[in-house]
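Residue numbering for the sequence shown follows my numbering, starting at 2 and increasing by one per position.
Read the structure below first, then the notes.
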Amino acid sequence: MDRASTPTDDAELVILENIYSSQKRSRNVTQRDLAEASGLSLGMTNALLKRFSETGWVLLKRLNARNIQYVLTPDGVNEIAHRTYRYFKRTARAAGLYRDMIEAFVITKKRAGATRLVLAGVSDLDFLIEYACERHGLLFIKSVDPAKAERLGTDPGTVIVHAEGDSRPGNDTGKAFPDESLSRVLVGVGPMGTDLK
């Protein structure tokens with residue numbers, strides 16, 4: 002069983018990957034570079050580098066009084082591989098969960114009489130929505146233009162789902178279905194608070 006990922010785990014992976022890529026380019030990376038890339042403070046980056054050294058993932062070689070070279074060990078390369086694998090596993094699990102929630106939402110709308118779904122805005126999950134619509138017989142339309150999406154939403158049987166970044170509230174007047182927010186769909190809450198789980 003994988004342990005839960007934390008933001009520090011992600012930052013650690015960024016640091017290890019940056020050290021690895023600097024070796025590939027034969028370019029020394031500074032502690033400041035690593036701190037900026039990982040989004041951590043210089044002090045936290047220093048503490049992590051010391052821990053990586055103690056763990057045997059990174060060798061610290063003093064080049065002069067001011068500069069240290071960071072070299073990834075074979076154990077460090079293995080750690081990158083393990084963390085990357087866990088990251089992909091978590092991502093696949095999340096995609097499966099999102100797919101199930103979106104599919105439940107589409108099924109609910111289809112049963113309520115929807116014939117098409119309009120995605121208003123840009124979403125990384127549009128392929129999951131399109132797949133669910135195709136699978137359950139709803140026409141899927143993607144529109145980055147909010148005004149066009151609103152016009153399409155006035156047709157009977159149309160559901161508008163606003164993408165993650167589209168925070169504009171829709172105009173529900175004269176629509177068979179109220180506008181939905183993709184973020185609400187993904188937490189399992191459908192129209193009027195119905196639970197989709």
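For glycine and all other residues, C-beta sits at the position ideal for the given N, C-alpha and C.
Q: Please confirm if the region 82 to 90 is in contact with the region 40 to 54, defined as three or more CB-CB distances below 8 Å between the two stretches.
A: Three or more Cβ pairs closer than 8 Å define a contact, and the region 82 to 90 falls short of that threshold against the region 40 to 54.
Q) From Leu64 to Gly44, what does the alpha carbon distance come to, in whole angstroms? A) The residue labelled residue 64 in the question sits at position 63 within the sequence shown. The residue labelled residue 44 in the question sits at position 43 within the sequence shown. The C-alpha of Gly44 is placed about 20 Å away from the C-alpha of Leu64.
**Q.** Strand pairing of His83, partner residues [DSSP]
**A.** Along the sequence shown, read from residue 1 onward, the residue named residue 83 stands at position 82. Looking at the DSSP assignment, His83 forms no beta bridge with any residue, so it has no partner.
Q: For Leu139, name the three-state secondary structure that DSSP assigns.
A: Along the sequence shown, one-based indexing puts residue 139 at 138. DSSP places Leu139 in the coil class of the three-state scheme, outside both helix and strand.
**Q.** 7 Å CB neighbourhood of Ala56 in its chain, flanking five on each side removed
**A.** Looking up residue 56 in the sequence shown gives position 55. Before going on, a small fix: residue 56 reads as Thr here, not Ala. Within the same chain, no residue comes within 7 Å of Thr56 by CB-CB distance, once the 5 residues on both sides are set aside.
**Q.** Residue span of the alpha helix (DSSP H) that contains Leu64, given as start and end
**A.** The residue labelled residue 64 in the question sits at position 63 within the sequence shown. First-last for Leu64: undefined, no H or E at that position.
**Q.** Span of the beta strand (DSSP E), counted from its first residue to its last, around Thr159
**A.** Locating residue 159 in the sequence shown gives position 158, counting from the first residue. Where Thr159 is concerned, the enclosing beta strand (DSSP E) stretches over 159 to 163.
Q. Just to confirm, are Leu17 and Leu73 a CB contact at a threshold of 8 Å?
A. Residue 17 sits at position 16 when you count from the first residue of the sequence shown. Residue 73 sits at position 72 when you count from the first residue of the sequence shown. With contacts defined as CB atoms closer than 8 Å, Leu17 and Leu73 qualify as a contacting pair.
Q: Counting only the same chain and skipping the five closest in sequence on each side, list residues whose C-beta sits under 7 Å from that of Asp1.
A: Residue 1 lies beyond the stretch modelled for the chain, which goes from 2 to 198, so this question has no answer here.
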